[in-house]
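**Student:** Sharing a structure here in structure tokens format.
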Amino acid sequence: MVRTEISTDQEQVAAPRRRLSGLEKTAAVALFLNAGVFLFQFFFVWLAVGPFLLDYLIFSLVTALVAVLLVTRVRMAALLSVIVILITSSIDLASTETSGTLLHPAVNPYHFGSLVFLFAFAVLALITAGAVAIHNLRVTPPATSRWLTPFVTGINCLALGMLVVALIVAANPVGASANTSTSGMPTVHTAGSNFLTNVVLVSKGSKLQIVNDDSIEHVLENGFWTPGGTPNIQAEAGAPAVKNIDLKTGSIEIGPFLSAGIFHLYCTVHRGMNLTIVVQ
């Protein structure tokens, strides 16, 4: 009797642990990559732009945590991963900065590129972790499905294709003068943290209309951001006075511009957001 019990215990100890399936490995890698993009965005915005986006740091840490739980084969980790991806992606998509960048990739091609990878990894993690969660509910080890390889290949091709678009846009930044007008008035649109064009032509004696395409707040003043990231606060001779004009939604009118010349406006909230006005 004793020998049998010892033999059984030895067999249980010697039994190898189940290896991670292809679905589990793919889900874990996608989660880690998703967390990495959030962390990259956090440090990039903090170091290059200034704001401390605590939510991005929290998203990164939480996503990495559920990835670790999935790798260590915690039973509810897959379902928890699906919930985390849905919550973080929904919150990020609800951001006006994100929606503005996706609608206008030319405004910030680098942010657009990071968002492409972020949501590509999110979709990949959502599908594969969801499949693992379904297998776990059935109390069966998640097997590597036949659709996994073509699905991952398709996601990679989509992400790379969109990245190529972002790089093409980055290589051809917006710099041409605006020809759009509203009832004959020159019009410049804003989206995200940028003007959709950075140079606009205005006829002498006319006004300029600035339209906010989303709900991101801008505060406009005479002057411009220098290449070093410091504001040069000045109003050129003949420029209409623009001081702390708050633009949240809708549109505002600047002017009239009574003198010919080159004038500058900038947003005090968003570093590098400059507009050059050429009056002829």
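Counted the way numbering that gives the first Met the number 0 counts, the sequence shown spans residues 0 to 279.
Just so you know, even glycine gets a beta-carbon here, dropped at the ideal spot from N, CA and C.
Computed from a predicted structure; not experimentally measured.
Measuring alpha carbon to alpha carbon, tell me which of 265, 184, 92, 240 ends up nearest residue 226.
**Tutor:** Within the sequence shown, numbered from 1, the residue matching residue 226 stands at position 227. Out of 265, 184, 92, 240, 265 has the C-alpha closest to the C-alpha of residue 226.
**Student:** Could you have a look at residue 293 and say whether DSSP puts it in helix, strand or coil?
**Tutor:** Look at the range of the chain in this structure, 0 to 279, and you will see that residue 293 is not part of it.
**Student:** When burial is assigned at 16 or more other CB atoms within 10 Å of the CB, is residue 20 buried or exposed?
**Tutor:** Start at 1 with the first residue of the sequence shown, and residue 20 comes out as number 21. Its Cβ being crowded by 16 or more others within 10 Å, residue 20 is buried.
**Student:** Going by alpha carbons, who is nearest to residue 196 out of 208, 44, 163, 204?
**Tutor:** As a working mapping, residue 196 is identified with position 197 in the sequence shown. Residue 196 has its Cα closest to that of 208, out of 208, 44, 163, 204.
**Student:** Which first and last residues belong to the beta strand (DSSP E) in which residue 201 is found?
**Tutor:** Counted from its first residue, the sequence shown places residue 201 at position 202. Counting along the chain, the beta strand (DSSP E) containing residue 201 begins and ends at 198-201.
**Student:** Work out the CA separation of residue 44 and residue 50 for me, nearest whole Å.
**Tutor:** Translated into positions along the sequence shown, residue 50 becomes position 51. Translated into positions along the sequence shown, residue 44 becomes position 45. Roughly 6 Å between the two C-alpha positions.
**Student:** Please list the terminal residues of the continuous beta strand (DSSP E) segment that includes residue 215.
**Tutor:** Taking the first residue of the sequence shown as 1, we reach residue 215 at position 216. Element bounds for residue 215: n/a, residue is neither H nor E.
**Student:** Skipping 5 residues on each side, what residues in its chain have a beta carbon closer than 7 Å to that of residue 83?
**Tutor:** Taking the sequence shown and counting its residues from 1, one reaches residue 83 at position 84. Excluding sequence neighbours, residue 83 sits near 61, 62, 65.
**Student:** So is residue 40 buried or exposed if we call it buried at 16+ other beta carbons inside 10 Å?
**Tutor:** Position 41 of the sequence shown, counted from the first residue, corresponds to residue 40. So residue 40 ends up on the buried side.
**Student:** Rounded to whole angstroms, what's the CA-CA distance from residue 42 to residue 183? Just pull it up for me.
**Tutor:** Here residue 42 is taken as the residue at index 43 of the sequence shown, counted from 1. Here residue 183 is taken as the residue at index 184 of the sequence shown, counted from 1. Computed Cα separation, rounded: 43 Å.
**Student:** Let me check understanding here. Comparing Cα to Cα, which of 27, 26, 68, 91 lies closest to residue 56?
**Tutor:** Position 57 of the sequence shown, counted from the start, is the residue given in the question as residue 56. When only C-alpha atoms are compared, the closest one is 91.
**Student:** Just grab the DSSP bridge partners of residue 224 for me.
**Tutor:** Here residue 224 refers to the residue found at position 225 when the sequence shown is read from its first residue. DSSP output for residue 224 lists 230 as bridge partner(s).
**Student:** Helix, strand or coil: which one does DSSP assign to residue 129?
**Tutor:** Here residue 129 refers to the residue found at position 130 of the sequence shown. Reduced to three states, the DSSP call for residue 129 is helix.
**Student:** Write down the C-beta distance between residue 103 and residue 35 rounded to the nearest angstrom, noting that I regard them as a contact closer than 8 Å.
**Tutor:** To locate residue 103, count along the sequence shown from 1; it is residue 104. To locate residue 35, count along the sequence shown from 1; it is residue 36. With 8 Å as the limit, residue 103 and residue 35 do not qualify as a contact, their Cβ atoms being about 25 Å apart.
**Student:** Helix, strand or coil: which one does DSSP assign to residue 248?
**Tutor:** Numbered from its first residue, the sequence shown carries residue 248 at position 249. Looking at residue 248 - three-state DSSP - the assignment turns out to be coil, as it is neither helix nor strand.
**Student:** Which residue comes first and which comes last in the alpha helix (DSSP H) that contains residue 277?
**Tutor:** In the sequence shown, residue 277 corresponds to position 278, counting from 1. It is not in any alpha helix (DSSP H) - residue 277 instead sits in the beta strand (DSSP E) that spans 273-278.
**Student:** Considering just the uninterrupted stretch of the beta strand (DSSP E) at residue 51, what are its terminal residues?
**Tutor:** Walking along the sequence shown from the start, residue 51 turns up at place 52. Neither: residue 51 is in no beta strand (DSSP E) and is coded neither H nor E.
**Student:** Please report the distance separating the alpha-carbon of residue 233 from that of residue 117.
**Tutor:** On the sequence shown, position 234 is the one that residue 233 refers to. On the sequence shown, position 118 is the one that residue 117 refers to. Their Cα atoms are separated by approximately 40 Å.
**Student:** Output needed for residue 211: all residues of its chain with C-beta closer than 6 Å, excluding positions within five of it in sequence on either side, in chain order.
**Tutor:** Looking up residue 211 in the sequence shown gives position 212. Excluding residues within five positions, the ones whose Cβ falls inside 6 Å are 189, 246, 248.
**Student:** Give me the DSSP bridge partner(s) of residue 211.
**Tutor:** For the purposes of this step, residue 211 is taken as residue 212 along the sequence shown, with counting starting at 1. Note: residue 211 sits in a beta bridge opposite 189, 249.
**Student:** Which residue's Cα is closest to the Cα of residue 133: 272, 256, 110, 79?
**Tutor:** Indexing the sequence shown from 1 puts residue 133 at position 134. Selected option, being the one with the closest Cα: 79.
**Student:** Mind listing, in chain order, the continuous alpha helix (DSSP H) runs of no fewer than 4 residues lying wholly within the segment 36-105?
**Tutor:** Taking only runs of at least 4 residues, the alpha helix (DSSP H) segments lying wholly in the segment 36-105 are 53-70, 76-93, 95-102.
**Student:** What is the rounded straight-line gap between the Cα of residue 98 and the Cα of residue 18?
**Tutor:** If you number the sequence shown from 1, residue 98 lands on position 99. If you number the sequence shown from 1, residue 18 lands on position 19. Those two C-alpha atoms are separated by around 40 Å.
**Student:** For residue 278 and residue 154, I'd like the C-alpha separation in whole angstroms.
**Tutor:** For this step, residue 278 is matched to residue 279 along the sequence shown. For this step, residue 154 is matched to residue 155 along the sequence shown. Rounded to the nearest angstrom, the two C-alpha atoms are 48 Å apart.
**Student:** Beta-carbon separation of residue 95 and residue 250 under 7 Å?
**Tutor:** The residue you call residue 95 lines up with position 96 of the sequence shown. The residue you call residue 250 lines up with position 251 of the sequence shown. Result no, Cβ atoms of residue 95 and residue 250 do not sit closer than 7 Å.
**Student:** For residue 38, which residues of its own chain have a beta-carbon under 6 Å away from its beta-carbon, when the five flanking residues on both sides are left out?
**Tutor:** Here the question's residue 38 lines up with position 39 in the sequence shown. So the list reads 59, once near-sequence residues are dropped.
**Student:** Would DSSP call residue 153 helix, strand or coil?
**Tutor:** The count along the sequence shown starts at 1 and reaches residue 153 at position 154. In this structure, residue 153 counts as helix in the three-state DSSP scheme.
**Student:** Could you say which of 30, 254, 47 lies nearest to residue 220 if we only look at CA atoms?
**Tutor:** By one-based count along the sequence shown, residue 220 stands at place 221. Comparing Cα-Cα distances from residue 220 to each of 30, 254, 47, the minimum goes to 254.
**Student:** Measure the alpha-carbon distance for residue 85 versus residue 262 and round it to whole angstroms.
**Tutor:** In the sequence shown, the residue the question calls residue 85 occupies position 86. In the sequence shown, the residue the question calls residue 262 occupies position 263. C-alpha separation (whole angstroms): 46 Å.
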